[in-house]
Structure formats: structure tokens, C-alpha cells
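**Student:**
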Amino acid sequence: MLADTDEENLAAHTAKQYQRNAAKLIAYVFDCHEIDIVSQAMQVQSQRYDVPVFPIAKEDHQKTYATLLNVFLEIYRIVMQGADFPAHFQSVDQEDFYFYSGFHHQTEKQHIQFDMQNYLAKYPIIPALSKMLADFELEEDSEYRKRVRENRNQAIRKLEERNKDKRHLERTRLASYGLAIGMLLFIAQTGANLDTAQQLQLDTMEILPSTQGRRFSGTKSRAGDKIVRPEFGVKFEPVFRKILELREWYVQDEACDFVFPLRNEIQQLGPVSNGRLQLIKKFLQRIFPKMAWITPQEWRKHVSSQYVELSDGDLLLEAEVMGHSLDTARNNYARTSFKDAAQQISQFFNELREVAVAQTRTVERIPVQTLDETVDVQTLPVGACTTTNLQPEKTLGFTKQAPTPNCQQFEHCLFCQHYAVHADDEDVRKLLSLKSLLGYIKQKATDLIKWEQQFGVVLHRIDEVLNDLSDTYENLRDRIFSIQEEVESGDLHAYWLNHFELLLDLGWIS
Numbered sequence: 234m235l236a237d238t239d240e241e242n243l244a245a246h247t248a249k250q251y252q253r254n255a256a257k258l259i260a261y262v263f264d265c266h267e268i269d270i271v272s273q274a275m276q277v278q279s280q281r282y283d284v285p286v287f288p289i290a291k292e293d294h295q296k297t298y299a300t301l302l303n304v305f306l307e308i309y310r311i312v313m314q315g316a317d318f319p320a321h322f323q324s325v326d327q328e329d330f331y332f333y334s335g336f337h338h339q340t341e342k343q344h345i346q347f348d349m350q351n352y353l354a355k356y357p358i359i360p361a362l363s364k365m366l367a368d369f370e371l372e373e374d375s376e377y378r379k380r381v382r383e384n385r386n387q388a389i390r391k392l393e394e395r396n397k398d399k400r401h402l403e404r405t406r407l408a409s410y411g412l413a414i415g416m417l418l419f420i421a422q423t424g425a426n427l428d429t430a431q432q433l434q435l436d437t438m439e440i441l442p443s444t445q446g447r448r449f450s451g452t453k454s455r456a457g458d459k460i461v462r463p464e465f466g467v468k469f470e471p472v473f474r475k476i477l478e479l480r481e482w483y484v485q486d487e488a489c490d491f492v493f494p495l496r497n498e499i500q501q502l503g504p505v506s507n508g509r510l511q512l513i514k515k516f517l518q519r520i521f522p523k524m525a526w527i528t529p530q531e532w533r534k535h536v537s538s539q540y541v542e543l544s545d546g547d548l549l550l551e552a553e554v555m556g557h558s559l560d561t562a563r564n565n566y567a568r569t570s571f572k573d574a575a576q577q578i579s580q581f582f583n584e585l586r587e588v589a590v591a592q593t594r595t596v597e598r599i600p601v602q603t604l605d606e607t608v609d610v611q612t613l614p615v616g617a618c619t620t621t622n623l624q625p626e627k628t629l630g631f632t633k634q635a636p637t638p639n640c641q642q643f644e645h646c647l648f649c650q651h652y653a654v655h656a657d658d659e660d661v662r663k664l665l666s667l668k669s670l671l672g673y674i675k676q677k678a679t680d681l682i683k684w685e686q687q688f689g690v691v692l693h694r695i696d697e698v699l700n701d702l703s704d705t706y707e708n709l710r711d712r713i714f715s716i717q718e719e720v721e722s723g724d725l726h727a728y729w730l731n732h733f734e735l736l737l738d739l740g741w742i743s
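Position in the sequence shown (from 1) plus 233 gives the number in this note's numbering.
(1) Helix, strand or coil: how does DSSP classify F627 here?
(2) Thinking C-alpha only, which one of D293, Q422, D657 is nearest F469?
(3) Looking at D701 and P638, is the spacing between their C-beta atoms short of 8 angstroms?
(4) Can you check DSSP and say which residues form a bridge with P504?
(5) Can you give me the start and stop residues for the beta strand (DSSP E) that G415 sits inside?
(6) Would you identify the three-state DSSP class for Q314, choosing helix, strand or coil?
(7) Using 8 angstroms as the threshold, is the C-beta distance between A653 and V610 below it?
(8) Excluding the 5 residues flanking E659 on each side, which residues of the same chain have their C-beta closer than 8 angstroms to its C-beta?
(9) Could you tell me if N223 is buried or exposed, where buried requires 16 or more neighbouring beta carbons within 10 angstroms of its beta carbon?
(10) Could you check if I682 is buried or exposed, using at least 16 other CB atoms within 10 Å of its CB as the buried criterion?
(11) Indicate whether L418 and V312 have their beta-carbon atoms separated by less than 8 angstroms.
(12) Looking at C-alpha atoms only, which residue of F493, P494, N351 is the closest neighbour of I520?
(13) Cβ atoms of Q432 and A589: under 8 angstroms apart, would you say?
(14) Is it buried or exposed, G424, if we count other Cβ atoms within 10 angstroms and call 16 or more buried?
(15) In this structure, does DSSP put Q434 in helix, strand or coil?
(16) Is the CB of H645 under 8 angstroms away from at least one CB in chain D?
(17) With K702 as the anchor, note down where its alpha helix (DSSP H) starts and where it stops.
(18) Hey, out of E626, L664, V691, F631, whose CA is closest to V596's CA?
(19) Taking the alpha helix (DSSP H) that F521 falls in, what are its first and last residues?
(20) Any heavy atom of the ligand FMN closer than 7 angstroms to the Cβ of D605?
(21) Check whether the Cβ atoms of N426 and R533 lie closer than 8 angstroms to each other.
(22) At which residues does the beta strand (DSSP E) containing Y331 begin and terminate?
(23) Does E721 pass the burial test, meaning 16 or more other C-beta atoms within 10 Å, or should it be called exposed?
(24) Decide if P522 is buried, meaning its Cβ has at least 16 other Cβ atoms within 10 Å, or exposed.
(25) By the three-class DSSP mapping on this structure, what secondary structure does N639 have?
(26) Tell me F322's beta-bridge partners as DSSP assigns them.
(27) From the DSSP output, read off the bridge partner residues of T603.
(28) When the Cα atoms are used, what is the spatial distance from A488 to L479?
(29) Determine the direct distance from the alpha carbon of K355 to that of K364, and round the result to whole angstroms.
(30) Starting from G740, follow its DSSP beta bridges and name the residues at the other end.
(31) Have a look at the DSSP bridge pairing and note the partners of C183.
(32) If we ignore side chains and look at the alpha-carbon of each, how far apart do D680 and Y483 end up?
(33) Looking at the strands, I want to know which residues DSSP matches up with R594.
(34) Could you round the C-beta distance between Y377 and L353 to whole angstroms and report it? I think they count as a contact, below 8 angstroms.
(35) Please work out which residues of its chain come closer than 8 angstroms, Cβ to Cβ, to F318, disregarding the five sequence neighbours upstream and downstream, and give them in chain order.
(36) Do the CB positions of Y758 and A656 come within less than 8 angstroms of each other?
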């Protein structure tokens with residue numbers, strides 16, 4: 234199987250799926266657990282974007298936690314203590330980033346681009362005009378001198394506004410980052426499931442006198458709404474108090490029981506969404522390229538592994554602390570204490586997407602035509618059509634299982650050979666708006682396998698198109714991030730906003 238993938242006779246993701254099916258069959262025949270088979274075999278890797286090929290080292294967990302804590306405490310200083318911008322974010326790898334605002338103030342001028350956001354990130358104070366001209370390699374008498382001065386004056390003015398207004402939008406944005414990061418710190422300390430942390434209720438917090446720790450109750454949906462009570466020790470108490478103070482500042486007087494609340498696109502308070510966690514991931518990877526991103530599942534795996542390791546393999550203790558059954562501990566967590574343990578089987582929902590996508594294509598990556606200048610094309614709600622001949626055809630690389638292009642169903646245009654996308658804000662907003670809308674529709678899905686086959690493959694194609702844009706146009710990377718933030722805040726493209734409002738009126742989404 235590995236030889237076949239080397240010669241490109243079999244796509245890596247297809248080989249990986251075949252291998253997993255074989256592991257399931259072997260486990261069934263020999264009456265053992267699938268992970269026992271997987272851990273003894275060399276695995277084919279499909280190189281998914283968010284799944285590491287090798288288990289994450291303990292040192293990476295420690296460094297990532299310390300970096301997350303540094304960022305959280307700096308956010309707390311800016312928001313709760315009313316400190317002045319810029320925020321100074323620093324990783325344990327000595328990466329420094331001065332945060333003046335979100336990545337949405339980049340100014341582009343004709344013939345020359347002054348990337349102020351990236352530029353200022355290196356300086357604790359806004360440099361003098363002469364310094365900026367030198368850094369941008371412009372002469373004192375350059376025709377662009379006036380533009381640089383205007384940009385500098387605008388940056389100074391915005392900085393003064395943020396420092397004067399203690400409830401400025403930028404402080405609220407930082408507070409939302411802080412609450413999401415606070416939830417990650419909580420998961421890292423307690424080993425709580427992501428869905429458990431998302432649903433934690435503030436009014437169920439209680440103090441445990443024997444351990445001087447705190448306990449919560451929350452729902453664990455995949456365990457049949459079982460009540461679980463994640464706990465943390467006294468060392469985390471000062472950090473958690475700061476999380477609660479930041480939460481109170483963010484929520485103000487609005488009623489909300491969630492421990493980690495964030496506002497959605499229509500400004501309603503709710504739990505931290507998976508989409509918002511992806512934004513935090515992109516934000517942190519943007520400012521700290523060296524930092525290893527650790528998912529909530531991997532934090533839980535790490536905490537569980539530590540219990541098994543430090544208790545000398547006591548699975549009963551591990552199961553009691555982590556809130557799952559002994560069988561779950563034995564089948565899924567027991568081997569994680571070995572340094573050479575194999576990578577754990579991917580989460581079920583991720584596998585659904587992988588399988589659905591694999592069935593729709595013959596190659597891993599299918600390129601998209603990008604347009605960086607105005608040409609004669611037909612505008613679409615997802616990009617552009619490069620032909621006036623309404624005879625859509627699938628792009629080479631898609632199988633018959635892929636959505637069939639249909640000029641009346643715009644999300645399927647993404648699979649057409651005539652589809653193209655402009656390297657600009659408008660087309661990026663179109664794609665991210667559709668992605669956001671599909672995320673809401675998924676909440677009402679009753680058949681997840683069918684939904685992944687119909688819409689999961691569309692989401693994957695959207696990400697593929699955006700990745701192509703990001704790889705091809707370096708100046709668009711930060712814009713994609715900031716536009717996603719804007720879409721998350723409700724600033725959808727007009728076409729998809731109309732659909733969103735219609736579904737809202739019909740009660741399909743809430």
C-alpha cells in the first residue's frame with residue numbers, strides 16, 4: 234500500500250481509509266480493539282491540515298500553555314486594567330508581537346502598499362516619519378512621503394482613540410480573544426471535553442473544601458447528556474478569577490449562564506463556537522509562527538495521559554477523574570502514556586468529512602483559476618464565471634460523486650471548470666459568507682453522513698480555494714483572516730445575508 238502511494242497509483246487519503254477499514258476488520262476477527270492494530274502498524278498519512286503526523290511532545294504542551302497564558306494575561310492587563318495599546322504579546326520562544334488592532338486596517342495605495350499592521354507589529358511605539366520612510370525604502374522627497382505621513386497620522390489617531398475609550402471595539406475584540414483562550418487554558422488544566430467546556434454553566438460552580446479546587450457541572454452531549462464535573466486545583470485559581478473578571482467586563486449586565494460566552498453574528502451571547510476557535514488558532518499562528526497549536530482533544534488526551542502515567546497505569550483513577558467509563562479509558566487513553574504511542578484514531582466527525590471528500594476527487598489538491606485584474610467575466614455569488622456558454626462541466630480531478638455544476642445552484646459552481654475567483658475582498662467575503670451560512674444549516678441536519686456528502690465537500694472546496702488565494706497572494710492572507718472576523722460579526726455578503734435572514738425568519742436557524 235505504501236509502495237502504491239509512492240508511485241502515485243493510489244491517493245494517500247484513499248490508502249489511509251483502506252488501511253483503517255482493514256484495521257477494523259482485523260480487530261473484529263481477533264476480538265480486540267482497533268487501536269491495538271493501529272499502534273503496531275506503519276500508518277499511511279493523508280496530511281490533513283489540522284492533524285499532526287506525530288504525537289505532540291510534552292514539551293510542546295508546556296510551551297504552548299505558557300504562551301497561551303502570556304497572551305491571556307496581557308489581554309487582561311489591557312482590558313481590565315485599562316492599559317494602553319499596543320498589547321505586547323510574547324511567546325516562550327521569544328517571539329514578540331505588538332498588537333495595535335485586528336488585521337483589518339491594512340492600507341493599499343496605487344503602485345505601492347504600506348502594510349502598516351505588519352510594520353507596527355515590530356514596534357512598541359509608532360516610529361518617527363523619517364524612520365518609517367527609511368524602513369519602506371523611500372527617499373525624503375519621495376512622492377509617496379505624503380501617503381506614509383497620512384498613514385502614520387491615521388495610526389496615531391486610531392491609537393489615541395483606543396487608549397482614550399476604555400470600552401473601545403478593539404478592547405472588546407481583545408476580551409473575546411481572552412475568553413476563548415481562557416477556555417483553552419481551562420481545558421488544558423481540567424482535561425474537559427470541548428463540548429463540556431462550551432456548555433459549562435456559571436451557576437453550578439462549587440468549591441471543594443478538601444482539595445481547595447473548584448468543580449462545575451456541564452453536559453457531555455456524546456455521552457447522552459451525562460452530567461460531568463471538571464475540576465481544577467488551587468494553582469489555577471488566580472487565573473480563573475481573572476477569566477471571570479474578564480467575562481463580567483465582556484457580558485456587562487446581560488443575562489448569560491455560560492462560563493465562556495462570546496457574541497455571535499447577531500450579537501447574541503452563546504458558547505464559544507468551533508469557528509471562533511479556528512479564528513483564535515489563525516490569530517495565534519499569525520503572531521507566533523513557532524508555536525505548536527494544540528487542539529482541545531489533544532489537551533484532553535495529554536491530561537488523561539498524565540493521569541495514567543503518574544498513577545502508574547491506574548485506569549480506574551483516570552476514568553473517575555476524567556469522567557468517562559473504564560472501557561473508554563482502556564480502549565482510548567491507556568496507550569497514550571507510552572512515548573512511542575501511535576497517533577490516535579481521528580475523531581468521528583473529521584472522518585466523515587475525510588471520507589466524503591475522498592469520494593469526490595481523484596487527487597488531493599485541485600487548483601482554481603484566480604483573477605488578479607478586471608477581466609470580462611460573469612459575476613457570481615461565489616466568485617466569477619469565465620464563459621458565457623452555459624454548459625457547466627466538472628473540473629478535472631472531481632469524480633461523479635462530486636456535486637454536479639449547475640448554473641442555478643451557485644455553491645456547485647465551485648466544482649466547475651469555468652469557475653474563477655478574484656483575488657480581492659469581495660470574492661473572499663462571498664466565500665466566507667457561504668461557509669458561515671452552511672455552518673448554521675448544519676445545526677439542523679438530521680443525517681450527518683448525507684449532509685457531509687452534500688455540503689461538507691462544499692466547505693472543503695471553499696477552504697481549498699481560500700488556501701490557493703492565500704498561497705498565491707501574500708498580501709491577501711491577513712485580509713482573509715480579518716474578513717472572516719467581520720463575517721463572524723455579521724458582516725456577510727449581501728446575497729448570502731438575504732439567505733441568512735430568510736432562514737432566520739423561517740426558523741431554520743436561531
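Glycine included, each C-beta is placed from N, C-alpha and C at the ideal position.
Predicted, not measured: the structure shown is a model, and the values here were computed from it.
**Tutor:** Inspection of the coordinates gives the following:
(1) Here the question's residue 627 lines up with position 394 in the sequence shown. As written in the sequence, residue 627 is Lys, which differs from the Phe given in the question. Residue state, collapsed to three classes: strand.
(2) Stepping through the sequence shown from its first residue, residue 469 is reached at position 236. Here the closest residue by C-alpha is Q422.
(3) The residue given as residue 638 occupies position 405 in the sequence shown. The residue given as residue 701 occupies position 468 in the sequence shown. Their beta carbons are not under 8 angstroms apart, which means P638 does not touch D701 by this criterion.
(4) In the sequence shown, the residue the question calls residue 504 occupies position 271. Answer is P494.
(5) The residue labelled residue 415 in the question sits at position 182 within the sequence shown. Unbroken run through G415 is the alpha helix (DSSP H), 402-423; no beta strand (DSSP E).
(6) To locate residue 314, count along the sequence shown from 1; it is residue 81. DSSP, read as helix, strand or coil, puts Q314 in coil.
(7) Translated into positions along the sequence shown, residue 653 becomes position 420. Translated into positions along the sequence shown, residue 610 becomes position 377. The answer is yes: Cβ separation under 8 angstroms.
(8) If you number the sequence shown from 1, residue 659 lands on position 426. Taken in chain order, the residues that qualify are H726.
(9) As displayed, the chain neither begins before 234 nor continues past 743, which places residue 223 out of reach and without an answer.
(10) Here residue 682 refers to the residue found at position 449 of the sequence shown. Result: exposed.
(11) Position 185 of the sequence shown, counted from the start, is the residue given in the question as residue 418. Position 79 of the sequence shown, counted from the start, is the residue given in the question as residue 312. Cβ distance not < 8 angstroms, so L418 and V312 don't count as in contact.
(12) Numbered from 1 along the sequence shown, position 287 holds the residue referred to as residue 520. Measuring from the Cα of I520, the nearest candidate turns out to be N351.
(13) Here residue 589 corresponds to residue number 356 of the sequence shown, with the count starting at 1. Here residue 432 corresponds to residue number 199 of the sequence shown, with the count starting at 1. Going by C-beta atoms, A589 is not nearer than 8 angstroms to Q432.
(14) To locate residue 424, count along the sequence shown from 1; it is residue 191. By the 10 Å Cβ count, G424 comes out buried.
(15) Stepping through the sequence shown from its first residue, residue 434 is reached at position 201. Strand, per DSSP.
(16) Protein chain content of the structure displayed is limited to a single chain, and chain D is not contained in it.
(17) Stepping through the sequence shown from its first residue, residue 702 is reached at position 469. Before going on, a small fix: residue 702 reads as Leu here, not Lys. Element bounds for L702: 690-705.
(18) Within the sequence shown, the letter at position 363 stands for residue 596. The candidate whose alpha carbon is nearest that of V596 is F631.
(19) For this step, residue 521 is matched to residue 288 along the sequence shown. Run containing F521: none; DSSP gives neither H nor E here.
(20) Absence of the ligand FMN from the depicted structure is noted, as is the absence of any ligand whatsoever, leaving it without description.
(21) In the sequence shown, counting from the first residue as 1, residue 426 sits at position 193. In the sequence shown, counting from the first residue as 1, residue 533 sits at position 300. The answer is yes: Cβ separation under 8 angstroms.
(22) Here residue 331 is taken as the residue at index 98 of the sequence shown, counted from 1. That run of the beta strand (DSSP E) goes 329-332.
(23) Here the question's residue 721 lines up with position 488 in the sequence shown. E721 comes out buried.
(24) Against the sequence shown, residue 522 aligns to sequence position 289. With fewer than 16 other Cβ atoms within 10 Å, it is exposed.
(25) For this step, residue 639 is matched to residue 406 along the sequence shown. DSSP places N639 in strand when its eight states are reduced to three.
(26) For the purposes of this step, residue 322 is taken as the residue at position 89 of the sequence shown. DSSP lists F330 as partners of F322.
(27) Here the question's residue 603 lines up with position 370 in the sequence shown. In the DSSP output, where bridge partners are listed per residue, T603 has V654.
(28) Locating residue 488 in the sequence shown gives position 255, where the first residue counts as 1. Locating residue 479 in the sequence shown gives position 246, where the first residue counts as 1. Going from the Cα of A488 to the Cα of L479 covers about 15 angstroms.
(29) Taking the first residue of the sequence shown as position 1, residue 364 is located at position 131. Taking the first residue of the sequence shown as position 1, residue 355 is located at position 122. In this structure, the CA atom of K364 is about 13 angstroms from the CA atom of K355.
(30) Taking the sequence shown and counting its residues from 1, the one referred to as residue 740 is at position 507. Answer is none; G740 lacks a bridge partner.
(31) For the chain, the structure presents residues 234 to 743; residue 183 sits outside this window and is missing.
(32) Within the sequence shown, residue 680 is the residue found at index 447, counting from 1. Within the sequence shown, residue 483 is the residue found at index 250, counting from 1. Rounded to the nearest whole angstrom, the C-alpha separation of D680 and Y483 is 36 angstroms.
(33) Residue numbering aside, residue 594 sits at position 361 when the sequence shown is read from its first letter. In the DSSP output, where bridge partners are listed per residue, R594 has F631.
(34) The residue given as residue 377 occupies position 144 in the sequence shown. The residue given as residue 353 occupies position 120 in the sequence shown. Rounded, the Cβ-Cβ distance is 18 angstroms, inconsistent with contact.
(35) For the purposes of this step, residue 318 is taken as the residue at position 85 of the sequence shown. Counting only Cβ-Cβ distances below 8 angstroms, and skipping sequence neighbours, we find I311, F332, Y333, S334, L392, R395, N396, E403.
(36) Past the edges of the chain, shown from 234 to 743, lies residue 758, and the structure says nothing about it.
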